[in-house]
Each structure stands twice: as structure tokens, then as C-alpha cells.
Amino acid sequence: MSGRFLRVIGGVVAALAAFPVRADTASAHLPIWAFYYAWYGVPQGPRQRWELWADRGEPATGAKLRLPFRPLVGPYDSTDPAIAAWHCRLAEAAGIDAFLVSWWGEANISGEAFERVILPAARATRVKVALNCELAQFYGEIGPLVERLAGVLARCQGDPAYLRRGGRPVVYLYQVPFDPKLTPARFAELRRGVEAKVGPVWWAMDKIRHEAGNYGVPAEWRTTEGIDAFGFYGTFSVRRISERAELVPFFARYARDVRVAGRELLLPMHPALDNRVIQPKEGFAIPFRDGETLEGYHAAALAAGADVLLLTSFNEWPEGTVVEPSADWPDPYRHLRQVARWKGREFVPPSLPAR
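Just so we're aligned, residue 67 is where the sequence shown starts under the numbering used here, counting upward by one.
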């Protein structure tokens with residue numbers, strides 16, 4: 067091959083390198099899975115009462131909402147198909163790949179909402195959905211949870227909208243950081259029971275704890291078989307940090323434990339936080355900082371080598387970590403525009419839902 071031809075090829079390659087490839091066409095950006103909450107109810111809804119938005123005794127109109135700021139469309143019912151469809155369209159427009167839907171079975175409306183409303187809504191978009199099981203940390207006896215979890219997976223895992231990784235349905239097991247009931251032995255029992263009924267599952271374990279001066283994955287969990295990924299819901303649950311310079315070493319230390327264990331790494335990103343309304347004594351706020359807060363989390367997670375980014379959250383309104391549009395922000399879609407930029411796309415808001 068002539069030197070002149072090599073120089074021409076080299077020039078073409080250099081020219082192409084000067085133009086960044088769109089992340090959404092080249093899959094250059096990591097998957098983003100957003101925590102999604104389906105526990106909301108309004109007096110006009112099926113249960114005819116406030117759920118999470120306000121105290122249940124509040125009147126239907128003029129209620130005192132327990133929120134740091136208000137949703138763009140106002141309080142809604144999680145079983146409203148129009149709301150679920152709009153949420154999926156918002157996520158698709160921003161480039162959010164999946165919702166990890168907080169699932170409590172029949173303990174609240176989340177079980178019904180997941181199967182009857184959210185999963186069907188996702189089918190009309192490219193957004194996938196998966197179970198974020200919050201029940202495992204409370205069960206002393208695993209048998210009943212095996213039946214519940216295997217039951218919903220049997221009904222839903224074959225749906226084209228259900229999230230899969232490595233060819234298996236994803237289940238995220240949420241754990242509070244301090245002394246949840248789920249132990250490695252109980253997880254092994256849960257895994258055996260569920261997989262005997264529905265086949266292999268891709269298990270993501272929420273696990274972080276303070277040990278030997280650092281926050282990492284406890285040693286007994288790092289050697290537990292069957293866990294495909296470790297991650298955690300939020301930094302604010304364990305430490306009050308939010309600056310990029312603080313997050314980079316914090317995430318790097320956690321990542322080392324996960325890599326030593328040979329698992330995939332899931333790291334959280336927060337746009338902001340304000341849980342002082344629901345926790346007036348212990349609550350605190352992480353400011354928006356003109357978008358720098360979310361950008362800092364994003365940069366720190368990428369620097370740590372995350373495999374999947376966890377967006378905390380899409381719509382945990384009482385906690386104030388939301389990216390869902392708010393009526394109280396100058397730009398209701400400010401956080402979704404940030405996510406869209408990461409994915410190399412322009413965010414175009416979908417039409418508001420019919421209410």
C-alpha cells in the first residue's frame with residue numbers, strides 16, 4: 067500500500083474523529099435507568115384518597131401538599147394510563163433507557179400500576195421497565211416473597227417492554243443502607259426459589275455500608291453468588307456530599323469493591339434533593355446549582371467506570387430528587403434536557419397528558 071494512500075486514509079480518519087458521533091446512534095453513552103415511583107393516589111382516583119402527595123385527611127381541593135415543589139401536571143394517580151404514557155414519552159424523548167419501578171406487590175397501588183398501566187404504556191415507546199423490589203428488606207420469611215416475585219415475573223418477563231440484560235429479566239433489590247433483613251443466605255434462598263419457577267434472573271443488589279473508614283460493598287456480599295451487579299440508590303442516604311470533587315473519590319472507592327467482586331457497577335446521579343418537608347428534623351437539601359449538581363454526579367460516575375447510570379429519581383416528589391417536569395422551575399424540563407444532551411439529542415417535550 068503506497069504511502070500516499072496511507073496519508074489519505076489517515077486524513078479521512080482524522081477528519082471523522084473531529085466530528086463527535088451522536089451517542090444515541092452509536093450507543094456511545096451508558097444506559098440510564100431511572101428510579102420510578104408508582105405509589106401515588108388522589109381523591110379523584112380509584113382509592114379516593116391522597117397517597118403520598120398529602121396526608122390522607124387533607125381535603126380533595128386546597129390540600130397542603132407535602133412536596134418541595136409541584137409537578138407540572140399537578141398531583142396524579144399512578145394508575146392513570148395517560149400519566150404513565152406521558153412519563154414514558156418524556157423518558158424516551160430524553161434518552162432514558164429504562165424505569166426501575168418501585169414495587170410493593172399488593173402493599174400499595176404499585177403492583178397494580180406496574181402490570182396494568184406502566185408495562186403497557188412502555189410498549190408504545192423504546193423505554194423498558196423492570197421491578198425495583200422494595201419488599202426483600204422487610205421479609206423475615208422468604209417463602210411468601212418468592213411466590214409474589216415469581217408470580218409477577220411469570221406474568222411480565224416475556225413482555226417486550228420488560229428490561230433484560232444479558233438475555234435475562236432484570237430485578238433490582240432495594241436495600242436501606244443500615245441493617246436490612248435481607249442477608250446473603252436469604253438472598254440465596256430467594257434466588258433459588260424465584261429462578262426455579264421462572265428461570266434465570268439478572269439480579270442487581272442495592273448494597274452500600276460504612277466499613278473501615280470507607281463506604282463500599284460489605285465483604286460477605288462481595289462473595290455472594292448470583293448477584294450480577296452492585297449499586298445504590300443515593301449518596302444522601304449515607305453521606306451528605308454532592309460536589310463533584312467529593313463524588314469522584316467516593317465513587318472510585320465503591321467501584322473498587324464492585325470490580326474486585328467481578329460484578330457490574332451501577333452508580334446513582336441526583337439532580338437535587340430537598341426532603342425537609344417530610345423530614346423536618348433530619349432532612350436537608352442538595353441544590354440544583356444551575357444543573358451542575360447532576361453534571362457532577364454524571365461526570366463522577368463515568369470516571370468511576372460505571373456500567374449503568376442510575377437516575378435518582380424520575381418522580382420521587384416528596385424527596386425532591388425528581389427529573390419529571392415541575393411547575394415551579396423556570397424551565398419545567400430542565401433536567402430532561404441535560405439527559406438528552408448526554409445522549410446527543412435535542413429534547414422535544416411531548417404533548418401534555420389529557421386529564
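A virtual CB, placed ideally from N, CA and C, is assigned to each residue, including glycine.
Distance from the CA atom of Ala321 to the CA atom of Leu239, rounded to whole angstroms, is 19 Å.
Counting other Cβ atoms within 10 Å of its Cβ, Asn280 stays below 16 and is therefore classed as exposed.
Assigned with DSSP and collapsed to three states, Gly233 falls in coil, not helix or strand. Annotated as distal: Ile162 and Ala104, with beta-carbon spacing of 8 Å or more.
With contacts defined as CB atoms closer than 8 Å, Lys273 and Phe244 fail to qualify as a contacting pair. Taking C-beta atoms under 8 Å as the contact rule, Asp394 and Arg136 qualify, at a distance of about 6 Å.
Where Gly217 is concerned, the enclosing alpha helix (DSSP H) starts and stops at 209-222.
For Val195, same chain residues with a beta-carbon under 7 Å away, outside a window of 5 residues either side, are Ala164, Phe165, Val167, Ile184, Leu185, Ala188, Ala227, Tyr228, Leu229 in chain order.
Partner residues in the beta bridge of Glu330, as assigned by DSSP, are Ala295. If you ignore the 5 residues before and after His95, its C-beta comes within less than 8 Å of the C-beta of Ala89, Gly161, Trp408, Lys409, Gly410, all in its own chain and listed in chain order. Between the stretch 313-320 and the stretch 337-352 there are fewer than three C-beta pairs closer than 8 Å, too few to call the two in contact.
The Cβ atoms of Arg421 and Val139 lie closer than 8 Å to each other.
For Arg192 against Glu158, the beta-carbon gap comes to about 6 Å, under 8 Å, which counts as contact. Burial state of Glu172 is exposed, judged by a 10 Å Cβ sphere holding fewer than 16 other Cβ atoms. The closest CA to that of Ala372, considering only Pro398, Asp323, Asn341, is found on Asp323.
In this structure the stretch 326-335 lies against the stretch 361-380, because at least three pairs of beta carbons, one per stretch, are closer than 8 Å. Within the stretch 246-309, the complete alpha helix (DSSP H) runs of at least 4 residues fall at 250-264, 285-288. For Tyr363, there is no enclosing beta strand (DSSP E); the enclosing alpha helix (DSSP H) has its first and last residue at 358-369. By the beta-carbon neighbour count (other beta carbons within 10 angstroms, threshold 16), Ala126 is exposed. For Ala327, the closest of Ala278, Gly282, Cys154, Ala120 by C-alpha to C-alpha distance is Gly282. Taking 4 residues as the minimum length, the alpha helix (DSSP H) runs contained wholly in the stretch 130-192 are 147-160, 176-179, 185-189, in order along the chain. The DSSP-derived three-state label of Glu348 is coil.
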